[in-house]
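Working notes, structure below.
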Amino acid sequence: MRIHTLEHVPFEGPAALEQWARANGHTLARTPVYAGGPLPGPEDFDFLAVLGGPMSVHDETEHPWLVAEKALLRGVIETGKPMLGVCLGAQLFAEALGGEVTRNPEPEIGWLAVEATAGGAVSPLFKGLPDSFTAFHWHGDTFSIPPGAVHLARSRACANQAFAFGNRILGVQFHLETTPRSMELLLTNCADEIVDAPFVQDARQMRSQADRCDTMRPTLDTLLNNLIKEN
Numbered sequence: 001m002r003i004h005t006l007e008h009v010p011f012e013g014p015a016a017l018e019q020w021a022r023a024n025g026h027t028l029a030r031t032p033v034y035a036g037g038p039l040p041g042p043e044d045f046d047f048l049a050v051l052g053g054p055m056s057v058h059d060e061t062e063h064p065w066l067v068a069e070k071a072l073l074r075g076v077i078e079t080g081k082p083m084l085g086v087c088l089g090a091q092l093f094a095e096a097l098g099g100e101v102t103r104n105p106e107p108e109i110g111w112l113a114v115e116a117t118a119g120g121a122v123s124p125l126f127k128g129l130p131d132s133f134t135a136f137h138w139h140g141d142t143f144s145i146p147p148g149a150v151h152l153a154r155s156r157a158c159a160n161q162a163f164a165f166g167n168r169i170l171g172v173q174f175h176l177e178t179t180p181r182s183m184e185l186l187l188t189n190c191a192d193e194i195v196d197a198p199f200v201q202d203a204r205q206m207r208s209q210a211d212r213c214d215t216m217r218p219t220l221d222t223l224l225n226n227l228i229k230e231n
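Dropping the structure here:
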C-alpha cells in the first residue's frame with residue numbers, strides 16, 4: 001500500500017506511523033505542506049495521513065498553503081480512499097465535512113485518558129481497542145462531529161476526541177503515533193504552550209511517562225489495521 005503523509009511543521013512527522021508502515025511492507029511518502037511545494041494528487045497514494053501542527057485551520061492568511069490543502073482533502077474524500085487525520089489533521093477533516101473547529105474549553109497536553117463512546121464501542125474502526133486507554137495529547141482547539149459522522153471517543157478535557165465518517169475517514173484528536181523522539185520535539189518547539197492549567201502536564205511529568213509510547217503502540221497498530229481492513 002502507498003501511504004502518504006501531509007506534514008505541517010518540521011517537528012511533527014509520522015513517528016510510529018512510519019514504523020507501522022515499514023513493518024507491514026507499505027511504502028511511505030511525505031509532503032511538507034508548510035514548504036509550499038506541490039501537493040500529491042489522489043492518484044499518488046492509497047492511504048492519506050494528515051498530521052498535526054500548532055496552527056489553526058482558520059489561519060489561511062498566515063499559512064496560505066492551507067487553502068490548497070483543504071481543496072485536496074475535499075477531493076480525496078470523494079475518492080473513497082482511507083484517510084487518517086491526527087490533531088490538526090482531524091480538525092481539517094471535520095471542517096471539510098461540514099463541522100466546526102473552535103477553541104476547546106481547556107488546553108489538553110500530556111498523557112491523559114481517552115474513553116470510547118457508545119458509537120466507538122460498536123465501530124469497526126475501534127474493534128479490538130480497549131474501552132479506555134491513555135494517549136498523548138497536545139492541542140488547544142477542538143472539532144464538532146460533522147454531519148453524518150459517528151462520535152467515537154471523548155476525554156475529561158475534550159468531548160470530541162475521535163470521529164468516523166463511514167469506514168474510510170477517521171479523525172483523532174490524540175496522538176497515538178508519539179515516540180519519545182517526537183515528544184521531545186514538541187517539548188522543544190512548543191514549550192510556550194505548557195501553561196498552568198487543569199489538563200496540562202509539565203515537561204517532567206510527560207518525560208516520566210515516556211514508556212507509554214511503547215504500551216500505546218498496539219492501540220495505534222490496531223487502529224491502522226482496522227482502517228485499512230474496512231477499506
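Going by full-length UniProt numbering, the first residue of the sequence shown is number 1, and it counts up by one from there.
Backbone N, C-alpha and C fix where the C-beta goes; we use that ideal spot for every residue, glycine too.
Cut-off 6 Å between Cβ atoms - residues of its own chain near residue 69, not counting five sequence neighbours on either side: Here residue 69 is taken as the residue at index 69 of the sequence shown, counted from 1. Around residue 69: 33.
Beta-carbon separation (whole angstroms), residue 173 vs residue 142, contact threshold 8 Å: One-based indexing of the sequence shown puts residue 173 at position 173. One-based indexing of the sequence shown puts residue 142 at position 142. About 7 Å; that satisfies the 8 Å criterion.
Three-way DSSP call (helix, strand, coil) for residue 176 in this model: Taking the sequence shown and counting its residues from 1, the one referred to as residue 176 is at position 176. Residue 176: coil per DSSP, three-state reduction.
Selection from 199, 84, 41 and 153 that minimises the alpha carbon distance to residue 129: As a position in the sequence shown, residue 129 is number 129, starting the count at 1. Nearest C-alpha to residue 129: 153.
Nearest to residue 104 (by Cα), restricted to the options 91, 5 and 42: Counting from 1 along the sequence shown, the entry for residue 104 is found at position 104. Looking at the Cα atoms, 91 is the closest of the given residues.
Collapsed DSSP secondary structure at residue 231 in the structure displayed: The residue you call residue 231 lines up with position 231 of the sequence shown. Caution is warranted here: a pLDDT of 46 is assigned to residue 231, below 50, making its placement in the model unreliable, and no coordinate value can be reported.
Straight-line Cα distance separating residue 181 from residue 109: Residue 109 sits at position 109 when you count from the first residue of the sequence shown. Residue 181 sits at position 181 when you count from the first residue of the sequence shown. Rounded to the nearest angstrom, the two C-alpha atoms are 16 Å apart.
Segment contact flag, the region 81-90 with the region 49-57, C-beta cutoff 8 Å, min 3 pairs: yes
Assigned exposure category for residue 219 - 16 Cβ within 10 Å defines buried: Your numbering for residue 219 matches position 219 in the sequence shown. Buried, by the Cβ-count rule.
Under the three-state DSSP convention, the category residue 77 falls into: As a first step, residue 77 must be located in the sequence shown, where it is residue number 77. Note: residue 77 maps to helix in three-state DSSP.
Residue 98 versus residue 164: straight-line alpha-carbon distance, rounded: Residue 98 sits at position 98 when you count from the first residue of the sequence shown. Residue 164 sits at position 164 when you count from the first residue of the sequence shown. Distance between the alpha carbons of residue 98 and residue 164: 13 Å.
Segments of 3+ residues assigned as beta strand (DSSP E) that fall wholly inside the region 158-202: 162-165 and 169-172
Delimiting residues of the beta strand (DSSP E) encompassing residue 2: Along the sequence shown, read from residue 1 onward, the residue named residue 2 stands at position 2. Note, residue 2: beta strand (DSSP E), 2-7.
Residue 42 to residue 189 span [Cα, whole Å]: In the sequence shown, counting from the first residue as 1, residue 42 sits at position 42. In the sequence shown, counting from the first residue as 1, residue 189 sits at position 189. Cα to Cα, residue 42 sits roughly 31 Å from residue 189.
Residues of its chain near residue 175, where Cβ-Cβ distance is below 6 Å and the 5 sequence neighbours each way are ignored: For the purposes of this step, residue 175 is taken as the residue at position 175 of the sequence shown. These residues qualify, in order along the chain: 136.
Best match in 12, 193, 18 and 1 for proximity to residue 221 [C-alpha to C-alpha]: Residue mapping note: residue 221 aligns to position 221 of the sequence shown, counting from 1. Closest by C-alpha distance to residue 221, out of 12, 193, 18 and 1, is 18.
Nearest to residue 199 (by Cα), restricted to the options 113, 79 and 74: Position 199 of the sequence shown, counted from the start, is the residue given in the question as residue 199. The option with the nearest alpha carbon to residue 199 is 113.
Inter-residue spacing [alpha-carbon to alpha-carbon] between residue 161 and residue 144: In the sequence shown, residue 161 corresponds to position 161, counting from 1. In the sequence shown, residue 144 corresponds to position 144, counting from 1. Rounded to whole angstroms, residue 161 to residue 144 spans 10 Å at the Cα level.
Alpha-carbon spacing of residue 206 relative to residue 146, whole angstroms: Looking up residue 206 in the sequence shown gives position 206. Looking up residue 146 in the sequence shown gives position 146. If you take the alpha carbons of residue 206 and residue 146, they lie about 32 Å apart.
Spatial distance of residue 57 from residue 211 (CA atoms): For this step, residue 57 is matched to residue 57 along the sequence shown. For this step, residue 211 is matched to residue 211 along the sequence shown. In a straight line, the C-alpha of residue 57 is about 31 Å away from that of residue 211.
Cβ neighbour criterion (16 or more within 10 Å) applied to residue 16: In the sequence shown, the residue the question calls residue 16 occupies position 16. Residue 16 comes out buried.
Any alpha helix (DSSP H) of 4 or more consecutive residues that is wholly inside the region 98-132: 118-122
Bridge partners - residue 32, DSSP secondary structure assignment: Taking the sequence shown and counting its residues from 1, one reaches residue 32 at position 32. Answer by DSSP bridge pairing, in chain order: 7.
Residues near residue 202 by beta carbon distance below 7 Å, same chain, minus five either side: Taking the first residue of the sequence shown as 1, we reach residue 202 at position 202. Closer than 7 Å at the Cβ level, and outside the excluded window around residue 202, lie 194.
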